[in-house]
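Peer 1: Numbering-wise, our numbering comes out as the position in the sequence shown, counting from 1, plus 97.
The beta-carbon is built from N, C-alpha and C at its ideal position, and this holds for glycine as well.
Before anything else, here's the structure in question.
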Amino acid sequence: MLDEMFTFGIFSYVSLFVMVDPIGNLPIFLGMTNKLNPHQQNGVALRATLISYLILIAIAFTGQAIFRFFDIRIEELKIVGGIIFFIVGYEMLHARLSRTNIDEESTHDYAHDIALTPLGIPMLCGPGAMANTMVLWNLADSIPKKMTVIITLTLVMVTTLIILLGGKRLTKFLGESGNKVMLRLMGLITMVIAVHFFFDGLKPILRDILNIPEKAAG
Numbered sequence: 098m099l100d101e102m103f104t105f106g107i108f109s110y111v112s113l114f115v116m117v118d119p120i121g122n123l124p125i126f127l128g129m130t131n132k133l134n135p136h137q138q139n140g141v142a143l144r145a146t147l148i149s150y151l152i153l154i155a156i157a158f159t160g161q162a163i164f165r166f167f168d169i170r171i172e173e174l175k176i177v178g179g180i181i182f183f184i185v186g187y188e189m190l191h192a193r194l195s196r197t198n199i200d201e202e203s204t205h206d207y208a209h210d211i212a213l214t215p216l217g218i219p220m221l222c223g224p225g226a227m228a229n230t231m232v233l234w235n236l237a238d239s240i241p242k243k244m245t246v247i248i249t250l251t252l253v254m255v256t257t258l259i260i261l262l263g264g265k266r267l268t269k270f271l272g273e274s275g276n277k278v279m280l281r282l283m284g285l286i287t288m289v290i291a292v293h294f295f296f297d298g299l300k301p302i303l304r305d306i307l308n309i310p311e312k313a314a315g
């Protein structure tokens, strides 16, 4: 039981981390906040992370209701999530960072606005992170596993905040080559997770279509 929980926890953390992608989004964060003072920059990082965290928590708890309302099967979400993850991973594998255009402003409201969008949504809390949260929550078939999802999501957001707060030091330490290597490594991991999600969702659907008993399909 403990081994299963530990494995699920590690899987949840890694999959959520690569979807939130704080390292991949770090250059965008630094580029959009480079004209802010350190206090404002830290405030943007905190607000963007908190907004993303609250949205993903809400999605975790309302995911079942959304499924029922739209008559969505978890297997279908796994397939779609797998496709999204694969595309994101492919972009990361080729060291292509998120692209966001924003008009330059020097007002106080600028720092508050970018914390919500685009930094909070859709960069940190994008379709991939949302789909991943819903998939993990539905994979969690017990209260301890659901608590594991909440804990790992919290840890991912804490890690994200630390990375954003220490962004300038981290990018300087890794250098341009180091950042690209890290991005490609995370892209490869993302694509592996994508394949797992895709076929995990496809197998039950094919089994239903072909009327194959579950034991025979496994």
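Which same chain residues end up closer than 7 Å to Ser195 when comparing Cβ atoms and leaving out the 5 residues on each side of it in sequence?
Peer 2: Reliability of the predicted coordinates at Ser195 is poor, the pLDDT of 47 falling under 50, and no value is obtained from them.
Peer 1: Alpha carbon to alpha carbon, how far is Phe108 from Gly272?
Peer 2: Cα to Cα, Phe108 sits roughly 28 Å from Gly272.
Peer 1: Taking a contact to mean a Cβ-Cβ separation below 9 Å, would you say Gly179 touches Leu285 in this structure?
Peer 2: Cβ atoms of Gly179 and Leu285: not closer than 9 Å.
Peer 1: Secondary structure at Glu201, three-state DSSP: helix, strand or coil?
Peer 2: Model confidence at Glu201 stands at a pLDDT of 45, short of 50, so the residue's coordinates are unreliable; what they give is reported in the following sentence. Three-state DSSP puts Glu201 in coil, outside helix and strand.
Peer 1: Could you tell me if Ile306 is buried or exposed, where buried requires 16 or more neighbouring beta carbons within 10 angstroms of its beta carbon?
Peer 2: Exposed.
Peer 1: What residue does the alpha helix (DSSP H) around Pro135 start on, and which one ends it?
Peer 2: Run containing Pro135: Pro135 to Phe167, per the alpha helix (DSSP H) assignment.
Peer 1: If we count the other Cβ atoms within 10 Å of its Cβ and call it buried at 16 or more, is Leu99 buried or exposed?
Peer 2: The residue is exposed, with fewer than 16 neighbouring Cβ atoms inside 10 Å.
Peer 1: I'd like the list of long-range same chain contacts for Ser239, defined as Cβ closer than 8 Å, with 5 residues on each side in sequence excluded.
Peer 2: Nothing listed; no residue qualifies.
Peer 1: Could you check which residue in Leu153, Ile176, Phe183 and Leu250 has the C-alpha nearest to that of Ile302?
Peer 2: It is Ile176 whose Cα lies nearest to the Cα of Ile302.
Peer 1: Can you look up Lys175 in the DSSP assignment and give me helix, strand or coil?
Peer 2: Helix.
Peer 1: Taking buried to mean at least 16 other C-beta atoms within 10 Å of its own C-beta, is Asn134 buried or exposed?
Peer 2: Exposed.
Peer 1: To the nearest angstrom, how far is the alpha carbon of Gln137 from that of Ile148?
Peer 2: Near 16 Å, if we compare the C-alpha coordinates of Ile148 and Gln137.
Peer 1: Secondary structure at Pro224, three-state DSSP: helix, strand or coil?
Peer 2: Pro224: helix per DSSP, three-state reduction.
Peer 1: Assign Phe167 to one of two classes, buried (16 or more other C-beta atoms within 10 Å of its C-beta) or exposed (fewer than that).
Peer 2: Phe167 comes out exposed.
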